[in-house]
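A.B. asks: Submitted below is the structure of interest, expressed as C-alpha cells.
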Amino acid sequence: MTDATTQPEPHDPARDGVDPDVEALALDNDLALALELADLADAAAMDRFRAVDLRVDTKPDRTFVTEADLAVERAVRDLIAERRPGDGVLGEEYGTQGSGSRQWIVDPIDGTSNFLRGVPVWGALIALTVDGVPVVGVASMPALGRRWWGAQGLGAFTTDAPGAEPRAIRVSEVSELADASLSFQSIAQWRDAGRLEALLALGERVWRDRAYGDLWSYCLLAEGLVDVVAEFDLKPWDIAAAVPIVEAAGGRVTSTAGTALGDGSVLATNGRLHDAVLGVLDRGAASAD
Numbered sequence: 024m025t026d027a028t029t030q031p032e033p034h035d036p037a038r039d040g041v042d043p044d045v046e047a048l049a050l051d052n053d054l055a056l057a058l059e060l061a062d063l064a065d066a067a068a069m070d071r072f073r074a075v076d077l078r079v080d081t082k083p084d085r086t087f088v089t090e091a092d093l094a095v096e097r098a099v100r101d102l103i104a105e106r107r108p109g110d111g112v113l114g115e116e117y118g119t120q121g122s123g124s125r126q127w128i129v130d131p132i133d134g135t136s137n138f139l140r141g142v143p144v145w146g147a148l149i150a151l152t153v154d155g156v157p158v159v160g161v162a163s164m165p166a167l168g169r170r171w172w173g174a175q176g177l178g179a180f181t182t183d184a185p186g187a188e189p190r191a192i193r194v195s196e197v198s199e200l201a202d203a204s205l206s207f208q209s210i211a212q213w214r215d216a217g218r219l220e221a222l223l224a225l226g227e228r229v230w231r232d233r234a235y236g237d238l239w240s241y242c243l244l245a246e247g248l249v250d251v252v253a254e255f256d257l258k259p260w261d262i263a264a265a266v267p268i269v270e271a272a273g274g275r276v277t278s279t280a281g282t283a284l285g286d287g288s289v290l291a292t293n294g295r296l297h298d299a300v301l302g303v304l305d306r307g308a309a310s311a312d
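If you count the sequence shown from 1, you need to add 23 to reach this note's numbering.
Listed below in C-alpha cells is the structure:
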C-alpha cells in the first residue's frame with residue numbers, strides 16, 4: 024500500500040463510471056462511522072484522564088504510552104473489525120492489520136504527554152484512506168468538549184460543545200504573512216530537523232507565532248483561527264486525519280518542500296499563504312547551509 028498521505032493522481036481510470044451520488048453516500052457512511060469511532064475513543068480516554076493510578080510506560084523510541092492509549096486503540100480496532108471487516112487498520116500502538124485499498128489510520132491519543140500531565144489539549148485522530156489518500160478525518164478533543172471533522176466533497180465542520188449543533192468551518196482569508204498567525208510544534212523539533220534558522224526566519228515575517236501543538240494546530244487552522252502550521256518528524260497517524268479536515272475547509276497541505284506528504288514534514292496553510300511560506304522556508308534552509 025502507498026504511504027498514507029500520498030496525493031491522488033489527476034485521473035483514476037478505475038473510478039470511471041462510478042455514480043458520484045453513490046460515491047458521496049458511501050463516503051458519508053464512512054464519515055458517520057468515523058464519528059462513532061470518535062465517540063468510543065472519547066469515552067475510553069476520558070475514563071482514565073487525570074486518574075491518579077494511570078499506568079505510563081516508555082516505548083523504545085522514548086515516547087510515552089499510557090494504558091488509555093492502548094485501551095482506546097483496541098476499542099476502535101474492534102469496532103472497525105465489526106463494521107468494516109474488509110478494511111485495513113494502521114494504529115500508532117498496534118501497527119498494521121489487514122491490507123487492501125481502504126485503510127483506517129488511528130492515533131488513539133494525540134498529545135499523550137499532555138494527557139499524562141493532565142493538560143486537556145489531546146485527542147483522538149481517526150482517518151480513512153483510500154489508495155493511500157486521506158478522504159475522511161475526525162479530530163476529537165473531549166477534555167475541551169470540541170470536535171472537528173471533514174471529508175472530500177462533504178465539507179468541514181465542528182461542534183463547540185458536546186451535543187451542540189455542528190457548524191461549517193472555513194480557513195481564513197489572510198493573504199499577507201505580516202497578518203498571519205503561525206503555529207509550530209516546538210523549537211526542539213525544528214532544531215533537530217536542522218531547520219531552526221528557517222523557523223526563525225518565518226517567525227520574523229508573521230504577525231504572531233505560538234506552539235499550540237499536536238492536533239489542535241490543524242483544527243484551529245481549519246476554523247480560520249490560525250493561518251500556518253508547520254512541523255517535522257510526523258508519522259502517518261499524526262497527520263492523516265488533519266488532511267481531509269484542512270482541505271475540506273479550503274486549506275492546502277504539503278511537505279515543507281511543497282511536495283506530496285511522505286517525508287515526515289508538513290506545511291498546512293489557508294492556501295493563500297502557502298507559496299509565500301514555502302519561499303521563506305526555502306530561503307531559511309539555504310541560509311543554514
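Glycine included, each C-beta is placed from N, C-alpha and C at the ideal position.
(1) Is Ala49 closer than 7 Å to Val95 when the C-beta atoms are compared?
(2) Under a three-way DSSP split, which group does Ala147 fall into?
(3) Name the two residues that bound the continuous beta strand (DSSP E) containing Arg125.
(4) Going by the beta-carbon positions, is the gap between Glu115 and Asp130 smaller than 7 Å?
(5) Could you tell me the alpha carbon to alpha carbon distance between Asp101 and Asp110, rounded to whole angstroms?
(6) Using a 10 Å radius around the Cβ and a threshold of 16 neighbouring Cβ atoms, would you call Met69 buried or exposed?
(7) Assuming contact is defined by CB atoms lying nearer than 7 Å, are Val300 and Asp250 in contact in what I supplied?
(8) Using CA coordinates, which residue listed in Glu188, Ala253 and Arg214 is at the minimum distance from Arg169?
(9) Assuming the contact rule is C-beta atoms closer than 8 Å, Gly247 and Ser195 should be a hit. Round their C-beta distance to whole Å, please.
(10) Can you tell me which of Ser278, Gly285, Ile192 and Asp261 puts its alpha carbon nearest to the alpha carbon of Asp298?
(11) On the three-state DSSP scale, how would you describe Asp26?
(12) Look up Leu301 in the DSSP assignment and say whether it is helix, strand or coil.
(13) Check the DSSP bridge columns for Thr277 and list the partner residues they point to.
(14) Closer than 7 Å by C-beta to Thr292: which residues in its own chain qualify, once you throw out the five before and the five after it? Chain order, please.
(15) Skipping 5 residues on each side, what residues in its chain have a beta carbon closer than 7 Å to that of Gly294?
(16) So, helix, strand or coil for Glu116, using DSSP?
(17) Go ahead and pull the three-state DSSP assignment for Gly226.
(18) So, helix, strand or coil for Val79, using DSSP?
(19) Please state if the CB of Leu205 and the CB of Val229 are separated by a distance shorter than 7 Å.
(20) On the DSSP letters alone, give me the boundaries of the beta strand (DSSP E) that Leu205 sits inside.
(21) Considering only C-alpha positions, which residue in the set Glu227, Ala263 and Thr135 is nearest to Gly57?
(22) Let's see if you can read the secondary structure: which residues bound the alpha helix (DSSP H) around Val269?
(23) Would you tell me roughly how many angstroms separate the C-alpha atoms of Leu304 and Pro267, rounded to the nearest one?
(24) Would you kindly work out how many angstroms separate the C-alpha atoms of Gln126 and Leu151, rounded to a whole number?
(25) From this set, Arg233, Ile103, Asp80 and Arg231, which residue's C-alpha is nearest Leu93's C-alpha?
C.D. replies: So, from the listed chains and residues:
(1) no
(2) strand
(3) Arg125 to Asp133
(4) yes
(5) 12 Å
(6) exposed
(7) no
(8) Glu188
(9) 4 Å
(10) Ser278
(11) Since pLDDT at Asp26 reaches only 41, below the 50 mark, its modelled position is unreliable, and the value read off the structure follows with that caveat. In this structure, Asp26 counts as coil in the three-state DSSP scheme.
(12) helix
(13) Leu290
(14) Asp250, Val251, Gly274, Arg275 and Val300
(15) Val194, Gly273, Gly274 and Arg275
(16) coil
(17) helix
(18) strand
(19) yes
(20) Ser204 to Phe207
(21) According to the sequence as given, residue 57 is Ala; it is not Gly. Comparing Cα positions, the closest option is Ala263.
(22) Ala265 to Ala271
(23) 24 Å
(24) 6 Å
(25) Asp80
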